[in-house]
Structure formats: structure tokens, C-alpha cells
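Counting in the UniProt record's numbering, the sequence shown runs from 1 upward without gaps.
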Amino acid sequence: MERLPAGAAVALRGGCPGSPTCGPWEMRERLGAGGFGNVSLYQHRESGARLAVKACRLELSARHQERWRHELQILRSLNHPNVVKAQDLPEDLDFLVNDVPLLAMEYCSRGDLRKLLNAPENCCGLKESQVLSVLSDVGSGIQYLHENRIIHRDLKPENIVLQDEAGKVIYKIIDLGYAKDLDQGSLCTSFVGTLQYLAPELFENSPYTKTVDFWSLGTVVFECITGFRPFLHNQQPFAWHEKIKRKDPKCIFAWEEMTGEVKFSAYLPTPNSLCSTIVESVEPWLQMMLTWDPQQRGGGVDPNTNSYRCFQVMEQLLSLKIVHILNMTSAKILSYPLHPEESLHSLQVRIESDTGISLGNQELLLEMGSCLDPRKPASQCVIDGVKGWDSYMVYLFDKSKTTYEGPFASRTLSDSVNYIVKDSKIQLPVFQLRKIWAEAVHYVIGLKDDYSRLFQGQRAAMLSLLRYNTNLTNRKNNMISASQQLKAKLDFFRQSIHLDLERYSDQMTYGISSEKMLKAWKDMEEKASLCEKVADIGSLDEQIMALHTEIVELQRSLHVRRQNDVMENLRRRPCDHHVYSDSTEMVRIIVQTVQSQDWVLKELFRHLSKLLGCKQKIIDLLPSIDVALNSIKEADNSVMQMQGKRQREIWHLLKIACVRMWLSQATLAQRSLPTPPVVPFPCRLKVPLVRPAPAWMGPARPPCPPGSPKPHRPMCCSRCLSWKPLEMRKRSDSLRSFLPSFPPSLKSCLQAIS
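So, in C-alpha cells, the structure goes:
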């Protein structure tokens with residue numbers, strides 16, 4: 001590695017940290033500056049790779065050079081998603097500046113936590129989801145450092161950076177220059193860091209342990225929740241140190257009254273963006289972290305797990321599954337921690353207790369308009385990995401209502417904001433005005449957020465309506481298809497029966513006739529006329545089309561976007577950096593916002609009532625469609641049955657005609673046979689030897705005369721017990737010889753006729 005002064009690198013390398021280029025690496029921007037070094041963003045011209053490069057900007061003492069190398073050594077030994085990673089230094093950047101190497105780190109594109117806290121919308125703290133992410137990520141990073149026997153000692157918002165990873169913001173700890181390795185013992189006495197976030201023992205130059213990071217972490221989280229540090233944040237640490245050291249162990253907040261009196265509280269101040277469930281869980285954790293006594297700080301070590309109780313409490317807090325429900329009838333947010341495997345019915349019972357909306361009238365919608373499944377547990381309301389009521393909401397509607405009244409009572413002004421509203425021209429110290437204006441901005445932004453949540457609830461109602469409308473359209477299409485099929489079958493049936501009646505009338509004078517069948521066919525024709533009325537769905541179709549038109553008009557409504565823009569402008573105006581001599585402008589903005597809020601909410605609830613009215617119309621129409629569809633199906637079955645019955649009757653007529661034809665042919669064949677001579681023979685049998693002769697064989701012959709010649713084999717005539725020659729028997733059986741060749745149906749018909 002080359003050892004170069006800062007200026008020499010320019011001539012030999014074509015650039016150096018602080019200059020635009022360093023070989024193929026180009027400096028894009030200055031990311032920050034510390035006590036000894038600057039951090040710059042370098043990007044490779046060809047690959048696009050980016051690095052955060054920290055370069056020393058001063059001649060360092062031997063002690064500070066050791067600290068620099070120690071930071072590099074620590075970074076290279078760590079591997080955790082919430083601790084910034086050291087990167088291999090490219091060859092073009094591998095040289096010494098001011099006798100120390102450059103430090104290459106992963107580049108985090110979202111800036112640091114201080115930048116996020118300074119955003120105007122966060123003047124009274126971050127959103128709940130952001131607070132929980134900071135607590136989870138930074139807490140996990142500190143726990144990892146402690147497990148590796150490292151104390152950070154300089155944890156503050158400037159040393160927490162944000163990085164986008166897979167669409168999620170990750171918080172990472174940086175700047176381990178002050179970190180202390182505990183390999184030489186657990187007590188350290190060699191540090192002076194950033195004063196505002198230092199643990200009390202560091203002011204006294206006393207031995208300290210890893211619990212100093214607990215104090216810093218608690219201070220950072222408190223500031224993320226409220227927008228300011230917990231103890232007399234307007235004063236320097238040395239000023240408030242003596243005032244705070246005698247506080248109760250459970251006190252997490254101290255402020256100074258106008259009279260100069262210092263007051264303490266064990267609870268989080270308002271306003272903040274946490275729900276009550278999170279507040280109840282995070283306050284005990286903050287009490288552990290902000291305990292003055294370092295031995296008691298962090299809740300002590302749990303002998304069973306050999307870890308600090310504060311980490312156990314933190315994990316329990318972060319593992320809470322909380323469902324946040326916006327009651328659209330009152331614009332209030334309900335937050336419920338879910339028990340393991342809690343059923344949806346159990347959750348609805350709790351909702352009924354708090355809202356008075358019965359289980360049968362509760363409609364819980366997700367953001368995309370889908371209803372909750374009663375067969376699944378209540379945890380379906382919570383998305384894994386998504387925390388905070390500002391990130392995910394379930395919307396509660398009352399099915400018994402189709403008209404929602406609005407606006408509701410606006411959120412309450414804080415005492416300090418109410419103070420300037422009553423007298424906007426009062427002159428106050430700048431530090432007090434900043435706090436009051438911050439609360440005023442928070443109030444205005446809160447009104448905008450209230451509207452945004454209600455708008456999202458309205459959007460969920462619209463998406464739910466569209467789901468119902470899709471179901472309505474599908475059923476309508478099924479109904480129309482069934483109606484068209486029925487009409488086609490009716491047309492065919494009427495034409496065919498009309499033709500059959502005409503043909504029947506033409507042949508009945510010389511052919512086959514049946515009054516019973518004729519009456520049945522005419523009855524079928526009348527029933528077909530009744531089925532035609534069932535197929536007529538014009539009135540129902542008109543209602544559905546009118547409803548579709550109404551829904552399309554609701555979708556085209558522009559007032560929602562226009563009102564949202566109004567609220568967005570109001571949100572931005574108080575955030576502009578103006579120098580106020582008094583609070584007149586701020587009060588004017590508050591009044592204007594409240595008045596605008598009243599108007600936009602009226603419009604929103606008017607639109608929402610129309611949505612719910614359309615949805616109720618769909619609910620009312622669906623049974624009518626089902627009834628019409630069932631009637632069409634019944635009529636369709638009736639037509640098919642009548643058609644089948646008529647076809648069977650036609651085929652029966654055809655059978656009868658065929659039988660008559662065969663009988664006619666058989667009779668003609670019989671009459672054409674020659675008649676054999678009759679040979680008399682005395683009738684000796686008293687019992688018929690064969691079955692009676694059928695009528696078609698003709699009348700019985702007289703008894704055979706005595707003395708008939710014997711060559712004729714006699715047979716007994718069953719009708720008259722007279723004898724016929726054998727040839728006559730053969731002739732008489734000639735007709736029967738046709739029967740095996742008949743179809744079974746004609747054979748049975750022939751036998752029935754004979």
C-alpha cells in the first residue's frame with residue numbers, strides 16, 4: 001500500500017477522495033463529515049457499483065490513527081443486517097491519506113435517521129411503523145454488537161442510516177470509531193462522545209459497561225416517538241444533569257414549566273403517533289432503558305437466559321400481533337392485540353363491545369375490498385412483517401346503515417396550540433414557539449391523515465362494491481344466457497308443435513286420430529306461452545343496467561382526488577420555513593384546515609353513502625336474479641319434458657301405423673293362399689288339443705264327415721272341436737311366421753291388437 005499525503009494522490013492517481021475522479025471511480029456527492037473524516041459517494045463509471053468512502057481529512061495523532069484502524073478492524077469482523085458492512089477497497093482507492101487507509105463501506109441511499117427526524121411531517125415523531133422498525137433494527141444491531149463484546153458508545157440519529165432492501169427500509173448502525181472492544185475487561189473509562197445521547201456515567205468519567213448503549217438507544221427511540229429527547233431537550237446536558245439525576249427510576253420524561261419548575265412523568269407525552277396498545281408496551285421498556293442507575297438499566301440480566309431483560313421485553317413488544325380497525329361510522333381507530341389462534345368471532349365480540357355494532361351487522365373489509373373469512377383465525381387481519389396502524393388497516397362498516405353522516409368531531413387541539421388559537425398575536429420565546437408550531441403542524445398533518453384513512457376506507461368500499469358488481473354481472477350474464485336458450489327452445493317448440501298440429505289435422509280424416517293426444521298438444525302450446533313470460537327478463541335487466549351506470553359514475557367521481565390535493569397543499573403550507581413574529585399565520589392555517597376538513601368530509605361521506613346504497617341495491621337484486629334464473633331453468637326443463645313427451649307420442653302413432661300396415665299385408669297374404677279340400681273325420685276328442693284359433697283365422701268349419709281318408713293327419717279345431725287337415729295348420733301358421741321379423745315394439749303392438 002502506498003503512503004501518500006492527501007495532495008500527492010491527485011498527481012499520481014488522477015484524483016483522490018475529495019476530487020471528482022479516482023481512476024474509474026467518480027465522486028458523486030458528499031454524504032457527511034465527522035470530526036476527523038469526510039464520507040463521500042463514489043460510483044464506478046462502467047459497472048455502476050457504489051461505495052461510501054470515508055477519508056481522513058486531518059493529520060491524526062497516534063491515538064486517533066489507532067482509533068481509525070480500530071474502526072476498520074471492527075467493521076471487517078462484523079456481519080449483521082443492521083450493522084453497516086465494510087467493503088473491499090478497490091485497487092484505485094487503495095492508498096493512505098494522512099497515514100491512514102481509506103474506509104470503504106456499503107452505501108445506504110436513504111440518508112440517516114437525523115434527516116428523517118428533521119422532516120417537517122415528523123416534527124412530533126415518526127409514524128408507528130417507522131418507530132417499530134427503528135426499535136427492531138437498531139435494537140437487534142446493538143444486541144449483536146454486545147454479543148460480540150463491542151460497545152458502540154456513540155449511538156445517535158446521525159449514526160443510524162437507512163437502506164432500501166427488497167422494498168423495505170432497513171436501519172443500520174454506522175461509525176464504530178468510538179466503539180470499545182471488551183476483550184480487556186468490562187469497564188471502560190476512555191471516552192468523550194456526542195453529549196446529547198450520552199449515558200450519565202460518561203459525564204462523571206466513571207467506569208461504564210454496555211448499559212451506556214441502552215441509555216443512548218432509549219433516548220433515540222424516545223425521540224423517534226415524540227420528536228424530541230426525553231430530558232429537558234432544550235438545555236445542554238451539563239445543565240440538566242444535576243436536575244435529572246434524582247428522578248424516579250420510572251420517569252422517562254422531564255420538562256420545564258414557564259415558572260422554571262421541572263416536572264417528571266412516567267408516561268410518553270402527547271402528541272405522538274403510537275396506538276394505545278404499543279404505548280402501554282413501550283413505556284415499561286423505556287423505563288428500563290432510561291434508568292439513571294447503570295446497574296439497574298436494561299432490567300438487569302435474566303439468570304435463565306443470561307441476557308438483559310430489555311431485549312426480552314423488546315422481542316415481546318415486537319412480536320405483538322395487533323389488528324387496527326377503522327370504524328367508518330365514527331372515524332375512530334380501534335386497536336386489538338390478538339391472542340394466539342384467536343378466532344374472528346372472538347374479535348368481533350370485542351368489536352361489538354366497543355362499538356355497539358352487532359356481529360350480524362359487522363362488515364370487515366381489507367384494503368382491497370375483500371371480506372374477512374369467518375372460517376379463518378383473526379390473524380388474517382395482520383400481514384406478516386407489516387407493523388403499525390399507518391401501514392395496514394381493516395375497515396369496519398355497519399350493514400344496517402346505508403347513509404353515513406359526517407363530518408365527525410375533529411381531533412382535539414393540544415393545550416399549547418389551543419393557547420395560540422385563542423390569542424394568535426401573543427409573543428412567546430422562540431424555543432416555545434417551535435414546540436407549539438410543531439404541535440400545530442402535527443395537528444394539520446393529523447387532519448390530513450384522518451382524511452386519507454377515511455378515503456382509504458371509502459376506496460375499500462368501492463372495491464367491495466366492484467366485487468359485488470362483478471358477481472352481479474356474472475349472474476346477470478348467466479340469466480341472460482339461460483333466457484336466450486329458453487327463448488330459442490320455445491321458438492323451436494312452437495314451430496314444431498304448430499307443424500305437427502297441421503299434419504295431424506290433415507291425416508286424421510283417413511289416418512289415426514286421438515282426441516286425448518290432441519288435447520295434450522294444445523295444452524302444451526298454452527304452457528309454452530306461459531314459459532315465454534318467464535323468459536322475459538327485460539325489467540330486471542333494465543334495473544341492472546341502471547345500477548351499472550350509477551356505479552360507473554361513482555368511479556368517475558373526481559372530487560376525491562381534488563379534495564386530497566387540497567389537503568396535501570394545506571399539509572405543505574405550514575411546513576415552509578418562515579420566520580414568525582407571532583402565531584397569526586399558523587392559526588390562520590389551522591382554521592382554514594379545520595374548515596376545509598369539514599367540507600371534504602361531507603363530500604366523502606356523501607360519496608360513501610352512494611357507494612353503500614349501490615351495494616345494498618345489488619344485495620337486493622341478487623335474490624331476484626336467482627329467482628328468475630331458477631324460474632328459467634324450471635321453464636326450460638318443462639319445455640324439454642313437453643318436447644320429449646310429444647316425440648314419444650309421435651313415435652307411438654308411428655308404431656300403430658306400422659302395425660296396421662303389417663296386418664294389412666298379412667291379411668292379403670292369407671287370402672291369396674289356396675283352400676285345401678275338407679276331409680271329414682269323426683271328432684273323437686272332447687278336450688281341445690291346441691289353443692283357440694284367433695279371430696283372424698276365419699269362422700270355424702263344420703265337423704268333419706265320417707269316413708274321412710286317413711292319409712290326412714288330423715288336428716283338432718279348438719273353436720268347434722272339428723278336424724282340419726295338416727295343410728290348413730301350415731296355412732294358419734303362415735301369419736305367425738312374420739312375427740319373429742317384427743321389431744319387439746311392433747310385435748307387442750301386433751299381439752295386443754290380435
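Where a beta carbon is used, it is the ideal one built from N, C-alpha and C, also for glycine. Keep in mind that this is a model prediction, so the values were computed, not measured.
request  = Mind the definition here: the segment 483-495 touches the segment 514-533 only if three or more C-beta pairs lie below 8 Å; say whether that holds.
outcome  = yes
ask   = Can you check whether the CB of Leu447 is closer than 7 Å to the CB of Gln597?
value = yes
inquiry  = Considering only their Cβ atoms, is the gap separating Leu465 from Cys224 smaller than 7 Å?
reply    = no
request  = Use the C-beta contact count for Val627: other C-beta atoms within 10 angstroms, 16 or more gives buried, fewer gives exposed.
outcome  = Classification of Val627: exposed, given that the 10 Å Cβ count is below 16.
message = For Leu326 and Arg453, which I take to be in contact (beta-carbon distance under 8 Å), what is that distance rounded to the nearest angstrom?
response = 6 Å
Burial state of residue 766 (16 or more Cβ within 10 Å) = The first residue shown for the chain is 1 and the last is 754, placing residue 766 beyond what the model contains.
request  = Rounded to whole angstroms, what's the CA-CA distance from Leu668 to Trp662? Just pull it up for me.
outcome  = Their Cα atoms are separated by approximately 10 Å.
key: Neighbourhood of Trp68 by C-beta, 6 Å cutoff - its chain only, sequence neighbours within 5 removed   = Val100
message = For the ligand ZN, is there any heavy atom lying closer than 6 Å to the beta carbon of Ser481?
response = This structure lacks the ligand ZN, and indeed carries no ligand of any kind.
Bridge partner(s) assigned by DSSP for Ile142 = Paired residue(s): none; Ile142 is not in a bridge.
query = At which residues does the alpha helix (DSSP H) containing Asp450 begin and terminate?
reply = Val430 to Gln507
query = Do you know how far the Cα of Asp390 is from the Cα of Thr226?
reply = 16 Å
task = Just grab the DSSP bridge partners of Phe397 for me.
result = Glu363
Residue of Ser664, Val382 and Lys399 minimising C-alpha distance to Met393 = Val382
Lys533 versus Lys522 - alpha carbon distance = 18 Å
message = At the level of alpha carbons, what is the spacing between Val421 and Val441?
response = 13 Å
query = Below 8 Å, can you find three or more Cβ-Cβ pairs linking the segment 303-315 to the segment 135-147?
reply = yes
message = Let's test the definition: count the other Cβ atoms within 10 Å of the Cβ of Met508 and tell me whether it reaches 16, buried, or not, exposed.
response = exposed
message = At 3 residues or longer, what runs of the beta strand (DSSP E) sit wholly inside the segment 65-117?
response = 95-97 and 103-105
request  = Would you tell me roughly how many angstroms separate the C-alpha atoms of Gln236 and Lys399, rounded to the nearest one?
outcome  = So the two alpha carbons sit approximately 57 Å from each other.
ask   = Is the distance from the Cβ of Val161 to the Cβ of Ile170 below 7 Å?
value = no
key: Other residues of its chain near Ser513: CB distance less than 7 Å, five sequence neighbours each side excluded   = none
query = If you compare alpha carbons, which of Ser416, Tyr208, Asp449 and Val386 is closest to Asp293?
reply = Tyr208
inquiry  = Please return the same chain residues whose Cβ sits closer than 8 Å to the Cβ of Thr329, not counting the five positions on each side in sequence.
reply    = Thr355, Ile357, Leu396, Phe397, Asp398, Lys401 and Tyr404
Closest by C-alpha distance to Phe238, when choosing among Glu550, Arg309 and Leu202 = Leu202
ask   = With respect to the beta strand (DSSP E) encompassing Tyr419, which residues constitute its N-terminal and C-terminal limits?
value = Note, Tyr419: premise wrong, no beta strand (DSSP E); alpha helix (DSSP H) at Asp415 to Lys422.
Segment limits, alpha helix (DSSP H) that includes Trp292 = Careful: Trp292 lies outside any alpha helix (DSSP H) and carries neither H nor E.
query = When the distance is taken between beta carbons, is Thr277 closer than 7 Å to Ser346?
reply = no
query = Near Thr291, which residues of its chain fall below 6 Å by C-beta distance, leaving aside the five closest residues on each side in sequence?
reply = Pro249 and Arg297
query = How close, in whole Å, do the beta carbons of Leu232 and Ala254 come, if the pair is a contact with beta carbons under 8 Å?
reply = Contact flag correct, Cβ pair sits at about 6 Å.
inquiry  = Using a Cβ-Cβ cutoff of less than 8 Å, which residues in the same chain neighbour Gly538 once the five nearest sequence positions on both sides are dropped?
reply    = none
inquiry  = Please state the DSSP three-state secondary structure of Trp215.
reply    = helix
message = Can you tell me where the alpha helix (DSSP H) holding residue 817 begins and where it ends?
response = There is simply no residue 817 to check, as the chain begins at 1 and stops at 754 in what is shown.
Euclidean distance between Cα positions of Ser273 and Ser319 = 19 Å
query = How about the segment 112-121 and the segment 37-48: do they share at least three Cβ pairs that are nearer than 8 Å?
reply = The segment 112-121 makes no contact with the segment 37-48: fewer than 3 CB pairs, one atom from each, lie closer than 8 Å.
message = When you compare the CB positions of Ile618 and Leu472, do they come within less than 7 Å of one another, or not?
response = yes
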